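Single-structure report; data block below.
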Amino acid sequence: MKTDTIAAIATALSDAGIGIIRVSGPEAISVVDRIFYNSSGDRTLSQKASHTVSHGYIAETVYGTDWRESILDEVMVVLLRAPRSYTMEDTVEINCHGGILLLKKVLQLVLRMGARLAEPGEFTRRAFLNGRIDLSQAEAVMDVIHSQSEMALSSSMEQLTGKLNSVIRDLREQILYEIAYIESALDDPEHIDLNGYEEKLSEKCDLFIQRIEKMILSADKGRFISQGIKTVIVGRPNAGKSSLLNAILGEERAIVTQVPGTTRDILQETVKLDGIALHIVDTAGIRNTEDIVEKIGVDRAREYAERSDLILFVIDGSEMPDEREKEIISFIGQKPVIVIVNKSDLTTIVSDEQISSLFGHKPDLKIVRVSASEGTGISELEKQIRELFFQGAIKENTETVITNMRHKAALEETLASLLMVRQGLQDHMPEDFYSIDLMGAYTSLGHIIGEEVEDDLVQEIFSKFCMGK
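Numbered according to the working numbering, the sequence shown spans residues -3 to 465.
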């Protein structure tokens, strides 16, 4: 582990009221002390207590000149002494005015005083390596930064505050107890009897499996919470797809005309649904066309539909479905779909039974009737989306939701090991086989919180962080 002093701009590189330069490491205080002058003109930062704020100036002094002649900025400096800091190292945060040029000049001065430029994610990596947070909490830091919805932010904050850590550690402790019991019994059979232990271990193993399976099943829901629902609007030309997008957004974003084929390219927007992000793509109407540009748009519509989580299939309720609807259904496949019968403000001639027959009477097919031009039926559409992805109202709960695919993979490895324990118990295998597979489960769970990971994985995770974090 590197123990030198690092520095970086911790705020976004854009003009703002405040910009922060973070310095961390054994020489952090002395580095800043060389360029910081408090309001009284003395360099006294090194004499300050931890968790104090000092007002003063950053100045680049030149030998034989007064520091006041080389002031770069008026600042507030926050001092955090080890171990009571984010990195558990001495840390100084220089709060400057937020101009990009100014921040870069102050950072360059800090680097000349002996610090080096931090690598991406290095502050958080030091927090992890110094034991302040585990790996799941470190990953939650970036999830918080990139949260696109209220639910994503709430879920990330739960992970950041250690909810997943607590669950994983509890499981590991229980598994480790069983490993220790088996090993002790094998080493000292005269005093520790394993008679009847298979039944007890079988019961505990079933409980472990149930908890792991529940977390794995939550991963899809967690992905929707953290990343949003990729939603694609499809339908024949002039069915009202763009009008539907405008109705959902509550504003005129897509061009709407009576001319079929108006939408030729992809239009992407994001809307919030009860704290969940819907990434909606309005596509070109699906039809055979000789127009090269429109044909490209139709091909893109198919591609986006294949990669989507949800398809909103718009049907013109004033016209009978024909081969174009059947063609669209053919490439929807088994994707979750909500059929939207548009133009309910006009005379509709398409029945729910006719729509159901198009889908081969697919069970639980969701059909919503709307008038996109008048904005009616949108609340019912939102309700159907909640039912489809979250079994009703989207709300916080006390369950642990897995939002990271790396965590899901580790849980699947854990489950595989536990299933081998169960199979071994059914086959009445020797006890040391149980111990080996339990250790496999224990190790896989450790991957989640960073207690059983290789350095290259840690490096890969933190390389995705921004420079100042």
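Virtual Cβ for every residue (Gly too), placed ideally from N, Cα, C. Fair warning: this is a prediction, and the values are worked out from it, not measured in the lab.
Quiz item: DSSP puts His467 in a beta bridge; with which residues?
Solution: Past the edges of the chain, shown from -3 to 465, lies residue 467, and the structure says nothing about it.
Practice problem: Check each candidate in Gly436, Arg64 and Val333 and name the one with the smallest Cα separation from Ser36. | Solution: Walking along the sequence shown from the start, residue 36 turns up at place 40. Considering only alpha carbons, the answer is Arg64.
Practice problem: Indicate the three-state DSSP secondary structure (helix, strand or coil) for Asn400 in the structure shown. | Solution: For the purposes of this step, residue 400 is taken as residue 404 along the sequence shown, with counting starting at 1. In the structure shown, Asn400 sits in coil (DSSP, three-state: anything other than H, G, I, E or B).
Quiz item: Leaving out five residues before and five after Ala250 in sequence, what residues of the same chain have Cβ atoms less than 6 Å from its Cβ?
Solution: To locate residue 250, count along the sequence shown from 1; it is residue 254. With a pLDDT of only 46 at Ala250, under 50, the local geometry of the prediction cannot be trusted, and no value is derived from it.
Quiz prompt | Ser132 classed as buried or exposed, judged by whether at least 16 other C-beta atoms fall within 10 angstroms | solution = Numbered from its first residue, the sequence shown carries residue 132 at position 136. Answer is buried; the Cβ neighbour count reaches 16.
Self-check item: Sequence-distant residues of the same chain with beta carbon closer than 7 Å to Val102, five excluded per side
Solution: For this step, residue 102 is matched to residue 106 along the sequence shown. Result list for Val102: Ile17, Ile54, Leu68, Asp69, Ile90 and Cys92, in chain order.
Quiz item: Is it the case that the Cβ atoms of Ala368 and Asn400 are separated by a distance below 7 Å?
Solution: Reading the sequence shown from its first residue, position 372 is the one you call residue 368. Reading the sequence shown from its first residue, position 404 is the one you call residue 400. Going by C-beta atoms, Ala368 is not nearer than 7 Å to Asn400.
Self-check item: Segment contact flag, the region 96 to 110 with the region 411 to 420, C-beta cutoff 8 Å, min 3 pairs
Solution: Contact between the region 96 to 110 and the region 411 to 420 is absent, with fewer than three C-beta pairs closer than 8 Å.
Quiz item: Where are the alpha helix (DSSP H) runs, 4 residues long or more, that stay fully inside the region 146 to 178, in chain order?
Solution: Whole alpha helix (DSSP H) segments, 4+ residues: 146 to 156.
Practice problem: Using 10 angstroms around the beta-carbon of Asn161, count the other beta-carbons present and answer buried if the total reaches 16, otherwise exposed. | Solution: Residue 161 sits at position 165 when you count from the first residue of the sequence shown. Label assigned to Asn161: buried.
Practice problem: Would you give the residue range spanned by the beta strand (DSSP E) that Ile229 belongs to? | Solution: What you label residue 229 is simply residue 233 of the sequence shown in a count that begins at 1. That run of the beta strand (DSSP E) goes Ile225 to Gly231.
Quiz prompt | Cβ-based neighbour list, Phe355, same chain, cut-off 7 Å, excluding 5 preceding and 5 following | solution = The count along the sequence shown starts at 1 and reaches residue 355 at position 359. Residues of the same chain with a CB within less than 7 Å of the CB of Phe355, apart from the 5 flanking positions on each side, are Ile325 and Leu361 in chain order.
Quiz item: Comparing alpha-carbon positions, which option in Val366, Thr40 and Phe385 lies nearest Glu466?
Solution: Outside the modelled stretch of the chain, which goes from -3 to 465, sits residue 466, for which no answer is possible.
Quiz item: Measuring CA to CA, which of Leu274, Asp202, Lys196 and Gly192 is closest to Ile229?
Solution: As a position in the sequence shown, residue 229 is number 233, starting the count at 1. Of Leu274, Asp202, Lys196 and Gly192, the residue nearest in Cα terms is Leu274.
Quiz prompt | Residue range of the unbroken alpha helix (DSSP H) whose run includes Gly94 | solution = The sequence position of residue 94 within the sequence shown is 98, counting from 1. For Gly94, there is no enclosing alpha helix (DSSP H); the residue is found in the beta strand (DSSP E) stretching over Thr87 to Gly94.
Quiz item: So, is Thr157 buried or exposed, given that buried needs 16 or more other C-beta atoms within 10 angstroms?
Solution: Along the sequence shown, one-based indexing puts residue 157 at 161. The residue in question, Thr157, is exposed, as its Cβ has fewer than 16 Cβ neighbours within 10 Å.
Quiz item: Straight-line CA distance for Tyr177 to Ile244?
Solution: Numbered from 1 along the sequence shown, position 181 holds the residue referred to as residue 177. Numbered from 1 along the sequence shown, position 248 holds the residue referred to as residue 244. Tyr177 and Ile244: Cα-Cα distance of roughly 59 Å.
Exercise. Within 10 angstroms of the Cβ of Val333, are there 16 or more other Cβ atoms? Answer buried if so, exposed if not.
Key: The sequence position of residue 333 within the sequence shown is 337, counting from 1. Buried is the label assigned to Val333, since at least 16 other Cβ atoms lie within 10 Å of its Cβ.
Quiz item: In angstroms, rounded to a whole number, what distance separates the CA positions of Thr410 and Asp189?
Solution: Here residue 410 is taken as the residue at index 414 of the sequence shown, counted from 1. Here residue 189 is taken as the residue at index 193 of the sequence shown, counted from 1. Between Thr410 and Asp189, the C-alpha separation is close to 28 Å.
Practice problem: Could you check how far apart the C-beta atoms of Ser152 and Ala134 are, in whole angstroms? I think they sit under 8 Å. | Solution: For this step, residue 152 is matched to residue 156 along the sequence shown. For this step, residue 134 is matched to residue 138 along the sequence shown. The distance from the Cβ of Ser152 to that of Ala134 is about 12 Å, inconsistent with a contact at the 8 Å cut-off.
Practice problem: Put Leu97 into one of helix, strand or coil per three-state DSSP. | Solution: The residue labelled residue 97 in the question sits at position 101 within the sequence shown. Annotated three-state conformation of Leu97 is helix, per DSSP.
Self-check item: Option in Cys201, Asp312, Lys322 and Ile336 with minimal Cα separation from Thr343
Solution: As a position in the sequence shown, residue 343 is number 347, starting the count at 1. Per the Cα distances, Asp312.
Exercise. Please say whether Ser20 and Ile5 have beta carbons closer to each other than 7 Å?
Key: By 1-based counting over the sequence shown, the position of residue 5 is 9. By 1-based counting over the sequence shown, the position of residue 20 is 24. The answer is no: Cβ separation not under 7 Å.
Quiz item: In whole angstroms, what separates the C-alpha of Glu302 from that of Thr48?
Solution: Locating residue 302 in the sequence shown gives position 306, counting from the first residue. Locating residue 48 in the sequence shown gives position 52, counting from the first residue. A direct Cα-to-Cα measurement between Glu302 and Thr48 gives close to 55 Å.
Quiz item: Going by C-alpha distance, which of Glu199, Ile276 and His357 is nearest Gln223?
Solution: Indexing the sequence shown from 1 puts residue 223 at position 227. Gln223 has its Cα closest to that of Ile276, out of Glu199, Ile276 and His357.
Quiz prompt | Continuous beta strand (DSSP E) stretch holding Ile276: start and end | solution = On the sequence shown, residue 276 is found 280 positions in, with the first residue counted as 1. In the DSSP annotation of this structure, the continuous segment of the beta strand (DSSP E) that includes Ile276 starts and ends at Ile272 to Asp278.
Quiz prompt | Sequence-distant residues of the same chain with beta carbon closer than 8 Å to Asp11, five excluded per side | solution = Along the sequence shown, read from residue 1 onward, the residue named residue 11 stands at position 15. Excluding residues within five positions, the ones whose Cβ falls inside 8 Å are Gly94, Gly95 and Ile96.
Exercise. Measure from the alpha carbon of Glu427 to the alpha carbon of each residue in Gln170, Tyr438 and Pro185, then state which is nearest.
Key: By 1-based counting over the sequence shown, the position of residue 427 is 431. Of the candidates Gln170, Tyr438 and Pro185, the one whose C-alpha sits nearest the C-alpha of Glu427 is Pro185.
Quiz prompt | Which listed residue (Phe327, Thr372 and Ala406) has its alpha carbon closest to that of Asp341 | solution = As a first step, residue 341 must be located in the sequence shown, where it is residue number 345. Looking at the Cα atoms, Thr372 is the closest of the given residues.
Self-check item: Per-residue DSSP class, three states only, for Phe458
Solution: As a working mapping, residue 458 is identified with position 462 in the sequence shown. For Phe458, the secondary structure class from DSSP, reduced to helix, strand or coil, is helix.
Quiz item: Taking the alpha carbon of Ser214 as the point to measure from, which residue in Leu9, Gly420, Asp451 and Ile398 has its own alpha carbon closest?
Solution: Start at 1 with the first residue of the sequence shown, and residue 214 comes out as number 218. It is Ile398 whose Cα lies nearest to the Cα of Ser214.
Quiz item: Can Ala111 and Ile221 be called in contact, C-beta distance under 7 Å?
Solution: Counted from its first residue, the sequence shown places residue 111 at position 115. Counted from its first residue, the sequence shown places residue 221 at position 225. Judged by beta-carbon spacing, Ile221 lies beyond the 7 Å limit of Ala111, meaning their Cβ atoms are not closer than that value.
Quiz item: Using DSSP with H/G/I as helix, E/B as strand and the rest coil, what is Asn191?
Solution: Position 195 of the sequence shown, counted from the start, is the residue given in the question as residue 191. Coil.
Quiz item: By how many angstroms is the C-alpha of Lys465 removed from the C-alpha of Gly15?
Solution: Taking the first residue of the sequence shown as 1, we reach residue 15 at position 19. Taking the first residue of the sequence shown as 1, we reach residue 465 at position 469. Taking the straight line joining both Cα atoms gives about 14 Å.
Practice problem: May I ask which residues mark the beginning and end of the beta strand (DSSP E) holding Tyr53? | Solution: The residue given as residue 53 occupies position 57 in the sequence shown. First-last of the beta strand (DSSP E) with Tyr53: Thr48 to Ala55.
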